[in-house]
Amino acid sequence: MILQALTQLYEDLSTRGDISRPGWSNAKISYALCLNENGGLFQVVPQFVEEKAGNKTVLRPQKMELPAAVTRSSGVLPNFLWDNSSYLLGVDEKGKPERSLECFRACAKLHHALLDRVDSVSAKAILAFFDTWQPSQAAQHPALTACWDDLMKGVNLVFRVGSRFAQEDSAVRSAWETHYHQTDGIQGQCLVTGKPDVVEPVHPTIKGVVGAQSSGAAIVSFNAPAFCSYGKEQSMNAPVGKYAAFAYTSALNYLLAERDNVQRIGDITVVCWAEGADPAYRKYSSSLLFGNAPPQGLTNDTLRSAVKRLADGLPCEELALDPNRTFYILGLSPNAARLSVRFFYRNTLGTIMRNVNNHHSRMEIVGNPFSITPLWAMLRETVNLHTTDKSPNQVMAGAVARSIFSGTLYPASLLEATMLRIRAERDITPGRAAILKAYYLKNPSPLCPKEVLQVSLNENSTNVPYTLGRLFAVYEAIQERANPGINATIKDKYFNSAASTPATIFPILDNLCQKHLRKLEPNLRIFYDKQICTLKGVLSETNPMRLSLPEQGSFNLGYYHQKQARYTKKEDQ
């Protein structure tokens, strides 16, 4: 399903003219080796271009359409017309000069095999370069002195003969395409297209997944006998044709190269696309699905209106989005030299937006600084921000994303992680309160009823744990009024115990409250006395011995709502 969807995306992009055809792909080139007609290197020209990175302008290697890259593991495999200094110059700083020479000779052999019969100036100049170049004298070559340090870092190089690059020569391009489309290899039925094709033993690599190897990683690969069957090796276990292997990897690399449209959820890299490859769907997916800031020129009001219309199944004409368009969401995580698929979701855009909009409605709570809570901000509430690694649990993050997009139940790990942070920090932030509210609205429990799962304070609730949470917040407010500027309140010492074993702790809190009330002015004392009497009127004479996890959620929400009411409502004293 994933490979088929990506192959279809490649065909859609190819129809639009947005992606290279089979046998060609984009590569990042830092320098061009300028050759004369006799193959002599006389100049090295930087190929960097300016790009915006936030508020800064940085120099990045230029993207060029070049012959498709080979897939390397540990062997010596050269690229055609471009590569790093080991292959094109025979030098590097890896401490293995013999291997560098082996790379250079392999590259020379490939170019002779493809260009010996090509009658063009570029082909002859490149072959003459490989025949006359002396790797041992490279460090002293005047054209390499200025950029030597960069070359030793493994940047990519390309040939330029005269005023044009070698890949622009029609005869050279024809030689490469003839080589690429040759039918040598094992024939079989492609699992993706269903058509006969040469089976690709090693698929091209995927680049751009955060945390994966910079040289690229694979989605499909077999590298141990335990993964093989019927004596088949490598990707022969899952035969994918040469065309489909190129198509799905090219499409995925294209998506990952769009920096503005790639999202991160913990260590998960997420890409989205719509059937037909319309760029508008990718452009707005960051804001519509993940709650991020809208693109330039789009206001928050327009965004919220678009979400509502799409969720209702109506077309969004101002953004040119169709709710009936099939939409895909793919999440990938690094795993050594391979990639793990965390989630893959396919549905119409309208259905996905309805699920996302319902999630945002459940997350709405008083005091939240976000009108729409972004997914990254939600997951941040489950992390200890005082540690070095501030990434949420990757399994939990993937499960949460799946539940939001598909409209299914939230994972229990989300509640556990949130409650853990509340107990550890004794602090209920707006984000954590929103998670508790959303969790029990989607995963209902009779011990955490809907009457407590409100946006703001429900003064009419008779739920005992919720009322105990409210009472604790009142006790804390009295202590703060009685002791202005106090460093630690009853929350720091008794909050966790009060939320789990109220029968043990609340008698202590009642006694402390009376002492704090004596310090207040008479009118203020009467004000708080009325609040305490009203809340205790809901409670019985004996408090519960223990509160279950859902009841602790009610307690926490009662505490949060009562505390927010102090800030949002002017108290009549």
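Take 1494 as the starting number for the sequence shown in my numbering and just add one per residue.
Ideal Cβ positions, reconstructed from N, Cα and C, are used throughout, including at glycine.
Within-7 Å CB hit, residue i to chain B
{"i": "PHE1541", "result": "In the structure shown, chain B does not exist; there is a single protein chain."}
Nearest to residue i (by Cα), restricted to the options the options
{"i": "ALA1618", "options": "HIS1634, ALA1631, ALA1601 and ALA1632", "result": "ALA1601"}
{"i": "VAL1654", "options": "ALA1905, ALA1621 and VAL1563", "result": "ALA1621"}
{"i": "GLN1660", "options": "ARG1514, MET1557, ARG1847 and LEU2028", "result": "MET1557"}
{"i": "SER1656", "options": "LEU1526, GLU1670, VAL1713 and SER1714", "result": "LEU1526"}
{"i": "MET1871", "options": "HIS1879, ASN1886, TYR1968 and THR1880", "result": "ASN1886"}
{"i": "GLN2055", "options": "PRO1939, SER1949, LYS1545 and SER1615", "result": "SER1949"}
{"i": "TYR1968", "options": "SER1708, LYS2029, GLY1510 and ARG1592", "result": "LYS2029"}
{"i": "ALA1892", "options": "LEU1908, GLN1727, ALA1705 and THR1881", "result": "LEU1908"}
{"i": "ALA1917", "options": "LEU1842, HIS1879 and VAL1648", "result": "HIS1879"}
{"i": "PHE1535", "options": "GLU1544, ALA1731, THR1638 and ARG1553", "result": "THR1638"}
{"i": "LYS1629", "options": "CYS1640, VAL1665 and GLY1583", "result": "Per the sequence shown, residue 1629 should be read as Ser rather than Lys. When only C-alpha atoms are compared, the closest one is GLY1583."}
{"i": "GLU2044", "options": "SER1954, ILE2001 and SER1938", "result": "SER1938"}
{"i": "TYR1933", "options": "LEU1946, THR1922 and ILE1921", "result": "LEU1946"}
{"i": "CYS1640", "options": "TYR1524, VAL1764 and ASP1576", "result": "TYR1524"}
{"i": "CYS1765", "options": "PHE1715, LEU1868, ALA1717 and LEU1842", "result": "LEU1842"}
{"i": "HIS1605", "options": "ALA1910, HIS1672 and VAL1691", "result": "HIS1672"}
{"i": "GLY1709", "options": "LEU2005, GLY1784, ALA1632 and ASN1828", "result": "ASN1828"}
{"i": "SER1826", "options": "MET1889, SER1722 and VAL1733", "result": "MET1889"}
{"i": "LYS1935", "options": "ARG1855, ALA1910 and LEU1791", "result": "ARG1855"}
{"i": "LYS1986", "options": "PRO1977, ALA1975, LEU2005 and SER1833", "result": "LEU2005"}
{"i": "ILE1495", "options": "TRP1575, THR1742 and PRO1515", "result": "THR1742"}
{"i": "ASN1754", "options": "SER1615, GLN1727, GLY1824 and SER1722", "result": "GLY1824"}
{"i": "GLN1727", "options": "TRP1626, VAL1713, ALA1737 and TYR1736", "result": "VAL1713"}
{"i": "SER1518", "options": "SER1567, GLU1670, ALA1546 and TRP1626", "result": "GLU1670"}
{"i": "SER1954", "options": "GLN2024, VAL2031 and SER1884", "result": "VAL2031"}
{"i": "GLU1480", "options": "ASP1609, ILE2025 and GLY1724", "result": "Because the chain in this structure spans residues 1494 to 2066, residue 1480 falls outside the shown range and cannot be described."}
Beta strand (DSSP E) segment containing residue i, residue limits
{"i": "GLY1962", "result": "Looking at the DSSP string, GLY1962 is not in any beta strand (DSSP E); the run it does join, the alpha helix (DSSP H), is 1957–1975."}
{"i": "TYR1524", "result": "1524–1528"}
{"i": "ILE1758", "result": "1756–1758"}
{"i": "VAL1651", "result": "1650–1654"}
Residue range of the alpha helix (DSSP H) that includes residue i
{"i": "TYR1821", "result": "Premise fails: TYR1821 lies in the beta strand (DSSP E), 1819–1828, not in any alpha helix (DSSP H)."}
{"i": "THR1762", "result": "No alpha helix (DSSP H) holds THR1762; the beta strand (DSSP E) holding it covers 1761–1767."}
{"i": "THR1698", "result": "Run containing THR1698: none; DSSP gives neither H nor E here."}
{"i": "ASN1848", "result": "1842–1855"}
{"i": "ASP2003", "result": "1995–2010"}
{"i": "ASP1511", "result": "That residue, ASP1511, is in no alpha helix (DSSP H); it is neither H nor E in DSSP."}
{"i": "VAL1614", "result": "1614–1625"}
{"i": "CYS2026", "result": "2015–2031"}
{"i": "ALA1744", "result": "1735–1750"}
{"i": "VAL1800", "result": "1793–1804"}
{"i": "LYS1776", "result": "1772–1783"}
{"i": "PRO1590", "result": "1590–1608"}
{"i": "LEU1644", "result": "1641–1644"}
Anticipated Cβ contact below 8 Å, residue i with residue j, distance rounded
{"i": "LEU1559", "j": "ALA1498", "result": "Going by Cβ atoms, the distance from LEU1559 to ALA1498 rounds to 26 Å, so no, they are not a contact pair."}
{"i": "LEU1749", "j": "VAL1702", "result": "7 Å"}
{"i": "ALA1561", "j": "VAL1611", "result": "No, ALA1561 and VAL1611 are not in contact; Cβ-Cβ is about 19 Å, not under 8 Å."}
{"i": "ARG1963", "j": "TYR2052", "result": "7 Å"}
{"i": "SER1990", "j": "ILE1998", "result": "5 Å"}
{"i": "THR1500", "j": "VAL1685", "result": "5 Å"}
{"i": "LEU2010", "j": "ILE1971", "result": "6 Å"}
{"i": "ALA1773", "j": "ALA1804", "result": "Incorrect: roughly 18 Å between the Cβ atoms, too far for contact."}
{"i": "GLY1734", "j": "VAL1763", "result": "That pair is no contact at about 28 Å."}
{"i": "ILE1758", "j": "LEU1913", "result": "About 19 Å separates the two Cβ atoms, so there is no contact after all."}
Suppose only complete runs of 3+ residues qualify. What are the beta strand (DSSP E) ranges in the region 1540–1587, listed by chain order? 1541–1546 and 1549–1560
Counting Cβ pairs, one atom from each stretch, are 3 or more of them under 8 Å apart for the region 1522–1536 and the region 1766–1777? no
Can you check the region 1858–1942 for any alpha helix (DSSP H) of at least 4 residues that lies completely inside it and give the ranges in chain order? 1868–1873, 1887–1899, 1905–1918 and 1923–1935
Below 8 Å, how does it come out for the region 1587–1601 and the region 1690–1700: are there three or more Cβ pairs, yes or no? no
Spell out a yes or no on whether the region 1815–1834 and the region 2014–2025 are touching, meaning 3 or more CB-CB pairs, one atom from each, closer than 8 Å. no
Does the region 1801–1819 touch the region 1899–1906, meaning 3 or more C-beta pairs lie closer than 8 Å? no
Quick check: the region 1922–1932 against the region 1827–1838, are there 3 or more CB pairs under 8 Å? no
Validate contact between the region 1936–1945 and the region 1850–1863 using beta carbons, cut 8 Å, 3 pairs: no
List, from N- to C-terminal side, the beta strand (DSSP E) runs of 3 residues or more that fit wholly inside the region 1672–1724. 1680–1682 and 1689–1691
For the region 1502–1515 against the region 1741–1748, are there 3 or more C-beta pairs whose distance is under 8 Å? yes
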